[in-house]
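Residue numbering for the sequence shown follows the working numbering, beginning at 250 and increasing consecutively. Contents: one structure, followed by commentary.
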Amino acid sequence: WTDFHYPAAEATLKKAVALDPSNAEVLYQLADVTGCLGRLDEAVTMMHKALVLEPLNASFHYYTGEFLLALGRLDQAEAELKRAIALQPGADAYGSTLGVVLMKRGQFDQALAAAKADPNGQSRRGALSMIYFAMGDKVRAQAQLSEEIRLDGGDTPGLIAGVYAYEGNADQAFAWLDRALQVRDSSLTAVYEAPDIVQKLGDDPRFAALCKKAGLPTPAEVKAQMARDAARG
């Protein structure tokens, strides 16, 4: 997975789940790889199985919420993220992700409060940039984005690409995605799990080209795989 060998990672984790179906952590890892491969509905189903095994695992609720956010199922995403925060208050990225959900529902004051409460500066900066942009406050949005570029641009350029994608700046988004590929940024593995990259950039030919370079399936290949899975029942 770390080496961007996703099919091999999926095959290995499927073997692990078959050997120990009651291991919730392994099931979560398989769900995350499945999400990386673009099959988010399947990933959510796996996470629900993991939560049956460990209903009080905050990170499982968080990642379920992330997948649901990427699918646009905002009410369910909000419920899962609030459950994660209740179980583990102050955990990194939980508040920022909830803030993005609330932003997409137009609840800007609540979105700001959730994001500002996040102790993880990297997550907080990206979320606040998007929230301020959605509110029409481009000055504060740019200030947060500039700070994120200054502090995080060298290590996690893929996260900056997500902010540019949300703001509708495709050229800058692809420029930062290319940087992510060059430095082997692990956030690049989650482009299908990001709430805006596929929605805003997925129809651009540059996205399919990026996926091929990164060893990820293209959107067309994801759809074809899902159709084959549905046909098999």
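For each residue, glycine too, the CB sits at the ideal point set by N, CA and C. Predicted model only: the values in this text are computed from it and were never measured.
A direct Cα-Cα distance of roughly 13 Å separates G287 from L317. When the beta-carbon positions are compared, N369 and D341 come within less than 8 Å of each other.
Residue D427 holds the alpha-carbon nearest to the alpha-carbon of K461 among D445, D427, V349, E442. C-alpha of L430 to C-alpha of I334: approximately 32 Å in a straight line. Nearest in C-alpha terms to S378, of all of Q356, P270, Q359, G411, is G411. Per DSSP, the unbroken alpha helix (DSSP H) holding V266 starts and ends at 255-268. With a cut-off of 8 Å on Cβ pairs, the stretch 266-278 is not in contact with the stretch 438-456, counting fewer than three such pairs. Restricted to the stretch 299-354, the alpha helix (DSSP H) segments that are unbroken, complete and at least 4 residues in length are 307-319, 323-336, 343-353, listed in chain order.
Per DSSP, G287 lies in no alpha helix (DSSP H) segment and is marked neither H nor E.
Between D445 and A414, the beta carbon gap of about 5 Å places them in contact (Cβ cut-off 8 Å).
Between K298 and L330, the CB-CB gap reaches or exceeds 8 Å.
The Cβ-Cβ distance between L347 and L320 does not fall below 8 Å. Here V301 is exposed. Its C-beta has fewer than 16 other C-beta atoms within 10 Å.
By the 16-neighbour rule on beta-carbons within 10 angstroms, D281 is buried. Sorting A457, G344, D358, Q359 by C-alpha distance to the C-alpha of G375 places G344 at the top.
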